[in-house]
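Counting with mature numbering (1 follows the signal peptide of the UniProt record, and there is no 0), you get residues -27 to -1, 1 to 395 for the letters of the sequence shown.
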Amino acid sequence: MGRSTLLWRSSLLVLLQVVAEQWAALAAEVDTGGLSRKSFPKGFVFGTATSAYQVEGMAHGDGRGPSIWDEFVKRPGIVANNGTGDVAVDQYHRYKEDVDIMANINMDAYRFSISWSRIFPKGAGEVNWKGVAYYNRLIDYLLERGVAPYANLYHYDLPLALEQKYKEFCFKTFGDRVKNWMTFNEPRVVAALGYDTGFFAPGRCSKEYGNCTEGNSGTEPYIAAHHLILSHAAAVQRYREKYQEKQKGRIGILLDFVWFLHPIVYGEYPRTMQVVVGERLPKFTEEEVKMVKGSMDFVGINQYTAYYMYNPPLQSTAKPPSYQLDWKAGFACMDDPGNVTLLQGLHDLKRINYYESYLLSLKKAIDDGANVMGYFAWSLLDNFEWRLGYTSRFGIVYVDYKDLKRYPKMSAYWFKQVLQRD
């Protein structure tokens, strides 16, 4: 490498640093809409969130076993530009830098997911202690920097080989420091995209609904959803019986569409759902109803954008039954493309406007009596966005995918201003 090349790269890095500092100064002047910590109840938690496969990297090192996503992304053309989570944004090695960013922008908490196959490479059985050590380091450093850990046990990345010891091990190993647990992130997505359209791992569907080699879109989504609910309830029951009193923690679930909430609250599926799906919908036994009903201390609602719902006209179809035909509604959404430049990416006023309007509306709901405990921004970092690969950016921190350097966007500094402490 020549001297001129080195000088050019050095000059570019200095320029980028100056630009980032200028954005930080500019962001400090952005209108917060009157929002501050004092706008929300005492103890209200502000945080940011990620998931293991999307940010950690180190997918094939330190003893981690493969997940269904490691296998799924191998299919040609399944992910934009054939992206994978093998490296992602390398939080496995850069977690201190990421936690420092959270602390510096005044975040109270970090919701992360634990990679099941990093703890149990074969789903159960032998423990991978290198993986355990990583999460201990992450949790301890979060606490050292004053950021509360919120741990999600499952975010789409099921181990390829599976049994069932994982959740209890996590409660036992990390529960002395983690006081807020979530069993699943968006289980509806797992059931619908994994078993109806085949769009997500494990990629199962009827041939009429996607490019799948096997599956049944009319039955498998409901079977998967049913057992996800039972698994959630069993984990909550175990935590409450064995760990909650001693550890003084809470456990809940993260949902995007709310029909999943109905059985967790009432112990049965919505009546309209029972009518529409009929015999394809599994039933809870009396004992299962007791276990499922009330199986949460809190519920998280995931909303990444406004959902503009519409009611398409009914049309006759020769296709076999499927989850998507049962739910005759649609929605549209938008995000930032992944090919934006650093300068474009840092200047994310649309994201700021979204957060401001959302938090103002959330404040109104709280003022009207809604019991809301916190708000977590998705996502801390630009990352591997599942089937979209690296072509979509949701982070409040821009990641240069070439060198993985982090650059807080204006939205990050906006949060810093809103979340100033007395």
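Every residue, glycine too, gets a C-beta built ideally from N, C-alpha and C.
So residue i is in the alpha helix (DSSP H); what residue range does that whole segment cover?
i           : result
residue 194 : 193 to 215
residue 25  : 25 to 28
residue 71  : 64 to 77
Pull up the distance between the alpha-carbon of residue i and that of residue j, whole angstroms please.
i           : j           : result
residue 110 : residue 374 : 24 Å
residue -22 : residue 121 : At residue -22 the pLDDT is 49, less than 50, meaning the model places this residue with poor confidence; the figure from the coordinates comes in the next sentence. Rounded to the nearest angstrom, the two C-alpha atoms are 41 Å apart.
residue 245 : residue 74  : 46 Å
residue 136 : residue 95  : For residue 136, the predicted model reports a pLDDT of 44, less than 50, meaning its position is unreliable; a value from the coordinates is still stated below. Those two C-alpha atoms are separated by around 8 Å.
residue 35  : residue 395 : 42 Å
residue 379 : residue 114 : 18 Å
residue 320 : residue 56  : 25 Å
residue 247 : residue 166 : 21 Å
residue 32  : residue 177 : 23 Å
residue 3   : residue 387 : 7 Å
residue 93  : residue 264 : 26 Å
residue 302 : residue 231 : Summary for residue 302: the model assigns pLDDT 46, below 50, so the residue's position carries little reliability; its value from the coordinates is reported in the next sentence. Looking at the two C-alpha atoms, the distance is approximately 14 Å.
residue 337 : residue 37  : 45 Å
residue 360 : residue 382 : 24 Å
According to DSSP, is residue i helix, strand or coil?
i           : result
residue 334 : helix
residue 348 : strand
residue 40  : strand
residue 245 : helix
residue 132 : strand
residue 12  : helix
residue 271 : strand
residue 146 : helix
residue 22  : strand
residue 339 : helix
residue 354 : strand
I need the boundaries of the beta strand (DSSP E) containing residue i, first residue and last residue.
i           : result
residue 371 : 370 to 372
residue 82  : 82 to 86
residue 123 : 121 to 125
residue 156 : 153 to 158
residue 380 : 379 to 381
residue 225 : 223 to 228
So the candidates are the options; which of them puts its Cα closest to the Cα of residue i?
i           : options            : result
residue 353 : 35, 70, 91, 364    : 70
residue 397 : 359, 389, 360      : Nothing can be reported for residue 397: it is not among the residues displayed for the chain, which extend from -27 to 395.
residue 101 : 125, 318, 143, 211 : 143
residue 227 : 261, 256, 268      : 268
residue 273 : 98, 129, 158, 27   : 158
residue 189 : 202, 322, 170      : 170
residue 82  : 252, 318, 235, 153 : 153
residue 148 : 237, 10, 124, 138  : 124
residue 89  : 51, 156, 77        : 156
Answer with yes or no whether the minimum CB distance from residue i to chain C is below 8 Å.
i          : result
residue 51 : In the displayed structure, chain C is absent; only one protein chain is listed.
Considering only the beta carbon of each residue, do residue i and residue j sit closer than 8 Å?
i           : j           : result
residue 164 : residue 132 : no
residue 254 : residue 242 : yes
residue 318 : residue 239 : no
residue 130 : residue 208 : no
residue 357 : residue 61  : yes
Taking 7 Å as the cut-off, does the CB of residue i come closer than this to any heavy atom belonging to the ligand SAM?
i           : result
residue 111 : As far as ligands go, the structure on display features none, and thus does not contain the ligand SAM.
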